[in-house]
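Residue numbers for the sequence shown, in our numbering: 73 to 596. Backbone N, C-alpha and C define an ideal beta-carbon position, used for all residues, glycine too. Predicted, not measured: the structure shown is a model, and the values here were computed from it. Let me begin by presenting the structure, written as structure tokens, before commenting on it.
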Amino acid sequence: MAVPAYSTDLLSIDLAEAVTNWAEPTATGWTGGAAPGTADVENIIQGTYSIPKAYSATGVGGAMANATSGKTIPTDGAFTAWIFWASPNCLETETNGGIRLIAGNSLSAFYGCKAAGKDSYTNGGWLNLAFDPNQSGARDYTAGTPTGTWQYFGWCVNNTNAISKGSPFVADAIRYGRCELRVNGGDLANGYATFAGMQAKNDANDATAGYNRWGLFQSMGGTYMWKGLMTLGYSTAVDFRDSNRVIVIDGNVKKVSSNFNKIDIRQATSRVDWTSVSIISLSSVAKGNFEVVDNATVNFDSNAFSDMGTFIFQSNSTVTGTSFIRCGQVTQGGGTFSSCKFTGSTGTAALVVDDIAEVSNCIFTSSGTKYAIQGFSAAASYDISTLSFSGYASSDGSTGDEAIYVTATTGTVTLNYSGTAPSVRTAGATIVKQTGQVTLTITPIITGSDIVIYDHADNSVIESSQNISGTTHQFIYTYGGSYSAIDIGIFKEGYTPFYTRNYSLGSSNSSMPVAQVVDRFYIN
Numbered sequence: 073m074a075v076p077a078y079s080t081d082l083l084s085i086d087l088a089e090a091v092t093n094w095a096e097p098t099a100t101g102w103t104g105g106a107a108p109g110t111a112d113v114e115n116i117i118q119g120t121y122s123i124p125k126a127y128s129a130t131g132v133g134g135a136m137a138n139a140t141s142g143k144t145i146p147t148d149g150a151f152t153a154w155i156f157w158a159s160p161n162c163l164e165t166e167t168n169g170g171i172r173l174i175a176g177n178s179l180s181a182f183y184g185c186k187a188a189g190k191d192s193y194t195n196g197g198w199l200n201l202a203f204d205p206n207q208s209g210a211r212d213y214t215a216g217t218p219t220g221t222w223q224y225f226g227w228c229v230n231n232t233n234a235i236s237k238g239s240p241f242v243a244d245a246i247r248y249g250r251c252e253l254r255v256n257g258g259d260l261a262n263g264y265a266t267f268a269g270m271q272a273k274n275d276a277n278d279a280t281a282g283y284n285r286w287g288l289f290q291s292m293g294g295t296y297m298w299k300g301l302m303t304l305g306y307s308t309a310v311d312f313r314d315s316n317r318v319i320v321i322d323g324n325v326k327k328v329s330s331n332f333n334k335i336d337i338r339q340a341t342s343r344v345d346w347t348s349v350s351i352i353s354l355s356s357v358a359k360g361n362f363e364v365v366d367n368a369t370v371n372f373d374s375n376a377f378s379d380m381g382t383f384i385f386q387s388n389s390t391v392t393g394t395s396f397i398r399c400g401q402v403t404q405g406g407g408t409f410s411s412c413k414f415t416g417s418t419g420t421a422a423l424v425v426d427d428i429a430e431v432s433n434c435i436f437t438s439s440g441t442k443y444a445i446q447g448f449s450a451a452a453s454y455d456i457s458t459l460s461f462s463g464y465a466s467s468d469g470s471t472g473d474e475a476i477y478v479t480a481t482t483g484t485v486t487l488n489y490s491g492t493a494p495s496v497r498t499a500g501a502t503i504v505k506q507t508g509q510v511t512l513t514i515t516p517i518i519t520g521s522d523i524v525i526y527d528h529a530d531n532s533v534i535e536s537s538q539n540i541s542g543t544t545h546q547f548i549y550t551y552g553g554s555y556s557a558i559d560i561g562i563f564k565e566g567y568t569p570f571y572t573r574n575y576s577l578g579s580s581n582s583s584m585p586v587a588q589v590v591d592r593f594y595i596n
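Following this line, the structure appears as structure tokens:
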């Protein structure tokens with residue numbers, strides 16, 4: 073591929089390098105404090121200047137930047153603003169609009185949203201906040217008669233105590249867009265794309281690396297804070313490999329669409345490997361969705377996703393030992409899931425399957441109101457013997473918290489299980505539950521051998537496989553079958569045949585492990 077590349081779609085409204093386009097709102101009740109002062113070089117977060125403002129009054133007041141023309145905020149996008157207030161204890165609470173973002177068509181006609189307050193901005197400092205004024209549900213205030221043209225952007229405080237010294241209000245870069253962080257490239261020779269690379273580009277603020285400070289993927293002292301759209305493989309393929317990372321989804325993202333925070337994996341030739349990566353969502357509005365948009369190679373191992381939204385995988389996805397804790401619905405999309413945990417799902421079902429054969433050794437723990445698995449759309453026999461269900465409805469029904477929801481409307485769906493029979497809801501198909509299947513793994517085998525499996529009771533042939541291409545053969549046994557013990561014959565020219573006698577399968581699923589290994593077959 074190429075050297076990893078990191079970029080963004082964010083466009084500048086005003087980078088606060090001069091006071092030229094900044095002014096005090098003129099709407100009634102929104103004119104507290106002094107007019108914005110001369111651009112300052114001391115208290116900055118992005119670029120080399122910021123816009124300070126004295127505040128010797130109480131009440132609501134702030135500053136807005138004139139973008140000089142209307143700006144189009146894309147679907148699921150927002151405008152972002154760097155804000156700083158030097159006296160958090162003087163603010164009103166967040167409920168009372170201590171800090172507000174504002175956007176409109178003039179200094180006197182705009183919408184505002186509650187963004188923070190003394191109860192949530194307790195430690196002060198620079199914050200990068202986002203507001204999508206297109207979201208009517210995100211608008212907490214209306215000043216004048218906004219037209220829906222977005223040309224003026226800024227922020228305000230609701231101050232309870234006059235501050236006689238200094239300029240406690242400081243504004244810095246304001247931008248808008250889908251808030252997308254785009255990642256391309258990466259390979260062994262040039263280095264893989266990584267979270268550290270994303271953070272370094274995002275936080276850069278110099279002439280060499282760029283005056284960025286995008287506010288999309290920030291360093292948090294050993295962890296990362298993320299918001300917006302993360303596109304891995306934006307226009308060309310990406311090779312992204314990383315491990316042992318902790319990422320927090322920004323809890324201050326409250327006034328945007330539910331799809332604002334999202335991870336997209338694009339380009340079928342991309343590869344994304346994450347090992348021991350933890351993503352924790354603190355946002356109650358945009359929890360963070362995940363989608364493999366193009367069928368890229370995705371390898372997830374020992375990851376943990378907490379309080380996130382929906383996940384969509386595809387057939388080239390392999391998910392191993394990964395936990396989905398209080399997350400939305402996970403869609404298999406043909407992917408392989410093994411040894412995963414689904415705990416307290418908030419979706420209709422924890423996992424929507426289209427190929428249950430690719431789901432093994434997974435544990436499902438109920439949230440009390442959701443299904444563990446939804447699928448089984450065709451009348452057939454399915455093996456779920458390696459799956460575990462806890463806390464779901466104890467009997468079949470239609471309450472919505474059965475372990476399994478069978479979507480087939482006709483025919484017979486047979487579920488082969490182990491342990492306690494799972495509760496089932498059906499969309500119309502007849503359900504048959506039977507104690508499930510186990511797999512007998514025969515290894516090592518000399519390549520080219522023939523294997524014959526006999527019923528021990530009458531020596532009848534159960535299975536015959538010739539010229540085995542590999543060194544392993546699997547025999548699937550269904551409990552409740554017509555035989556309880558088998559004999560295994562292995563034949564290879566030039567070797568003494570090996571023939572087992574009375575290999576007991578047992579009469580219940582507790583008598584034989586799921587993967588029984590037979591480890592010697594030839595006498596030379």
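Item, Value
"Cβ-based neighbour list, T120, same chain, cut-off 8 Å, excluding 5 preceding and 5 following", "E89, V113, Y283"
"Best match in H545, T544, Q546, Q538 for proximity to K564 [C-alpha to C-alpha]", "Q538"
"Per DSSP, cross-strand counterpart(s) of S378", "I352, I397"
"Cutoff 7 Å; reference C162; Cβ partners in own chain excluding five residues on either side", "N231, T232, N233, I235"
"Pair within 9 Å by beta-carbon distance, D468 and V496", "yes"
"Touch test, the stretch 414 to 422 against the stretch 436 to 446, Cβ-Cβ under 8 Å, three pairs minimum", "yes"
"Length at least 3, wholly inside the stretch 176 to 247: the beta strand (DSSP E) runs in chain order", "181 to 188, 199 to 203, 213 to 215, 222 to 231"
"Cβ distance (whole Å) where A150 is taken to contact D204 below 8 Å", "4 Å"
"Neighbourhood of T165 by C-beta, 7 Å cutoff - its chain only, sequence neighbours within 5 removed", "G189, K190, D191"
"Residue burial classification, D278 (beta-carbon count within 10 angstroms, cutoff 16)", "exposed"
"T544 beta carbon near the ligand PLP (any heavy atom closer than 8 Å)", "With respect to small molecules bound, the structure shown includes none, and the ligand PLP cannot be examined in it."
"Terminal residues of the alpha helix (DSSP H) in which F267 lies", "267 to 275"
"Through-space distance from W298 to V320, alpha-carbon basis", "6 Å"
"Chain-order list of residues whose beta-carbon lies under 8 Å from that of D426 (same chain, five-residue window excluded)", "Q404, G405, G406, G447, S449"
"Where the beta strand (DSSP E) containing Y477 begins and where it ends", "476 to 478"
"Counted within 10 angstroms of its Cβ, other Cβ atoms place G294 as buried (16 or more) or exposed", "exposed"
"Segments assigned beta strand (DSSP E), at least 3 residues, entirely inside the stretch 434 to 486", "435 to 437, 443 to 447, 453 to 455, 460 to 462, 476 to 478"
"Opposing strand residues paired with W346 [DSSP bridges]", "D314, F372"
"Nearest to I254 (by Cα), restricted to the options F241, L288, K237, T280", "Correcting the residue type first, residue 254 is Arg in the shown sequence and not Ile. Checked all of F241, L288, K237, T280; the closest Cα to R254 is L288."
"At least 3 beta-carbon pairs within less than 8 Å: the stretch 203 to 220 vs the stretch 336 to 343", "no"
"Residues that L301 bridges to, as DSSP identifies them", "E252, K334"
"Presumed contact (8 Å Cβ cut-off) between V364 and V370, rounded CB distance", "6 Å"
"Helix, strand or coil at E430 [DSSP, three-state]", "helix"
"Host beta strand (DSSP E) of W102 (start-end)", "Element bounds for W102: n/a, residue is neither H nor E."
"Segment limits, beta strand (DSSP E) that includes R285", "Run containing R285: none; DSSP gives neither H nor E here."
"Residue burial classification, L83 (beta-carbon count within 10 angstroms, cutoff 16)", "exposed"
"Cβ-based neighbour list, F156, same chain, cut-off 6 Å, excluding 5 preceding and 5 following", "W198, V242"
"A261, buried or exposed, once every other Cβ within 10 Å from all chains shown has been counted against 16", "exposed"
"Rounded C-alpha distance that separates I428 from I456", "8 Å"
"Spatial neighbours of V349 in its chain, beta-carbon cut-off 6 Å, leaving aside the 5 residues before and after", "R317, N375"
"Short Cβ contact (9 Å threshold) for R250 with W286", "no"
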